[in-house]
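Colleague: Got a structure here, written out as structure tokens. Questions coming.
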Amino acid sequence: MKRLISLVFAGLMTTAAMAQGADAPVEDPLFLPADMADLSTFQWTKRPVLVFANSENDPAFVAQMEYLREREDELRLRDVVVLTDTDPAAQSPLRMRMRPRGFMLVLVDKEGQIELRKPFPWDVREITRSIDKMPLRQREIREAKERGVIR
């Protein structure tokens, strides 16, 4: 009898855990490979930050990725998606379009326009300042304040 109660209890706990997991919102991935043909998937929904390097062991690439991982919450708040490409031999469509020479950071706005290119790593604070100056981001901040939601 004791065993039966234990099994029933374990089954209920498993069912409850599964139901909770089904209700939990699935968070968009922040880091993706830059293997798409273009950035149209992200237009009007995300601000792509592209990070190019000739190798994933490039010290500038390693530093940039550390900067980005340290402050993921600030990037998510600004609807950023980080796209990485460390294989020049693959000649991805985005690499061919952006034409990086070694390491390069590219910030693209939600409209799909290139806002800046940097040949060296940039701290998240600098990236978010650039994003916060964009007209669409200014409007997002203004609308959030009007709704009483601080962003």
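Numbering (mature numbering (1 follows the signal peptide of the UniProt record, and there is no 0)), first residue to last: -19 to -1, 1 to 132. Yeah, the Cβ is synthetic: ideal placement off N, Cα and C, and Gly gets one too.
Of all the options Trp103, Leu11, Arg80 and Ala70, which has the alpha carbon lying nearest to the alpha carbon of Glu41?
Modeller: Residue 41 is actually Ala in this sequence, not Glu. Considering only alpha carbons, the answer is Trp103.
Colleague: Does the beta-carbon of Leu97 have 16 or more other beta-carbons within 10 angstroms, so that it is buried, or is it exposed?
Modeller: That one is exposed.
Colleague: Can you give me the C-alpha to C-alpha distance between Glu51 and Val105, rounded to a whole angstrom?
Modeller: Roughly 8 Å separates the two Cα atoms.
Colleague: Compute the beta-carbon to beta-carbon distance between Arg128 and Val89, rounded to the nearest angstrom, for a pair I have assumed lies under 8 Å.
Modeller: Going by Cβ atoms, the distance from Arg128 to Val89 rounds to 26 Å, so no, they are not a contact pair.
Colleague: Quick one, which of Leu20, Val61, Arg82 and Arg59 has its alpha-carbon nearest Ala70's?
Modeller: Closest by alpha carbon: Arg82.
Colleague: For Phe84, report the span of its beta strand (DSSP E) as first-last.
Modeller: It is not in any beta strand (DSSP E) - Phe84 carries neither H nor E in the DSSP assignment.
Colleague: Would you call the region 110 to 121 in contact with the region 64 to 80, where contact means no fewer than 3 C-beta pairs closer than 8 Å?
Modeller: No, they do not touch.
Colleague: Within its chain, find whatever has a CB closer than 6 Å to the CB of Val30; leave out the 5 residues flanking it on each side and keep chain order.
Modeller: For Val30, where only same-chain residues beyond five positions count, the Cβ hits under 6 Å are Val61, Val63 and Leu88.
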